[in-house]
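Under this note's numbering, read the sequence shown as residues 134 to 293, first letter to last. Cβ coordinates follow ideal geometry from the N, Cα and C atoms, glycine included. For clarity, every value in this text was computed on a predicted model and none was experimentally measured. Report on one structure; see the data block that follows.
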Amino acid sequence: MADILSKEELDALLGQMKQDDDEDEAPEDDPFEAVGAEAIEEELPESIAAAEAVEAAEDEEEEALDWGDAAPSGREVNVEMILDIPIKVSVELGRARMTVGDLLQFGQGAVIELDHLANDLIDLTVNRKVVAQGEVVVINENFGFRVIEVDSVRDRIRKL
Numbered sequence: 134m135a136d137i138l139s140k141e142e143l144d145a146l147l148g149q150m151k152q153d154d155d156e157d158e159a160p161e162d163d164p165f166e167a168v169g170a171e172a173i174e175e176e177l178p179e180s181i182a183a184a185e186a187v188e189a190a191e192d193e194e195e196e197a198l199d200w201g202d203a204a205p206s207g208r209e210v211n212v213e214m215i216l217d218i219p220i221k222v223s224v225e226l227g228r229a230r231m232t233v234g235d236l237l238q239f240g241q242g243a244v245i246e247l248d249h250l251a252n253d254l255i256d257l258t259v260n261r262k263v264v265a266q267g268e269v270v271v272i273n274e275n276f277g278f279r280v281i282e283v284d285s286v287r288d289r290i291r292k293l
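The structure is reproduced here in structure tokens:
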């Protein structure tokens, strides 16, 4: 483990490399001298938006990484801290697309065909992420959900 650098050490090395590169560059050719200030100001918002989009994509990739048995900081995760947090769980039977006209023609007893087949597994989602699949059951007078396939505990925690 002694061969692995901490985040601070990596940042320091990258900063030193950047400083060395800056010192090696010739200061006599300024690429911005040929470009007017107006052109730079016009392109600045687009450049900022592009940089923010790249940064957001990198953040999503970082969240999707598999950290193995260790937390990102190198410490063990205490899962018991989150066990009592309430979450919203959803089960969706299917979806349908229709026009506003079709919607306005509905009356009592109308039947809507959904895109899910009757014997397909239904998705159980948490935070709009599928964590299990199963089938609808009836419990007394309520609907229920029988789990058929479920993600690993690690994957379910990651999706929270």
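Query	Result
May I ask which residues mark the beginning and end of the beta strand (DSSP E) holding Arg261?	Here Arg261 belongs to no beta strand (DSSP E), and DSSP marks it neither H nor E.
Judging by CA-CA distance, which residue of Asn211, Val264 and Val222 is the nearest neighbour of Val286?	Val264
Span of the alpha helix (DSSP H) holding Arg228?	Taken as a continuous stretch (DSSP letters only), Arg228 belongs to no alpha helix (DSSP H), as it is neither H nor E.
For Leu257, count neighbouring C-beta atoms within 10 Å of its own C-beta (all shown protein chains included) and say buried if the count is 16 or more, exposed if not.	buried
For Val222, tell me which candidate among Asn252, Phe278, Val244 and Glu141 has the shortest Cα-Cα distance.	Phe278
Of all the options Asn211, Asn260, Gln266 and Arg291, which has the alpha carbon lying nearest to the alpha carbon of Val283?	Gln266
CA-CA distance, Leu250 and Pro219?	31 Å
Between the Cα of Val280 and the Cα atoms of Asp253, Ala145 and Ile290, which residue gives the shortest distance?	Asp253
Do Asp217 and Ala229 count as a contact pair if the criterion is CB distance below 9 Å?	no
Distance, Cα to Cα, Val270 vs Phe276?	6 Å
Looking only at C-alpha atoms, which of Val224, Lys292, Asp144 and Asp288 sits nearest to Glu312?	This structure cannot settle anything about residue 312, because the visible part of the chain is limited to 134 through 293.
How is Ala213 classed by DSSP in three states: helix, strand or coil?	According to the sequence as given, residue 213 is Glu; it is not Ala. Reduced to three states, the DSSP call for Glu213 is helix.
Could you check what DSSP says for Glu246 in three-state terms: helix, strand or coil?	coil
State the DSSP-derived secondary structure class of Gln266, mapped to helix, strand or coil.	strand
How about Ile215 and Ile272: are their beta carbons less than 9 Å apart?	no
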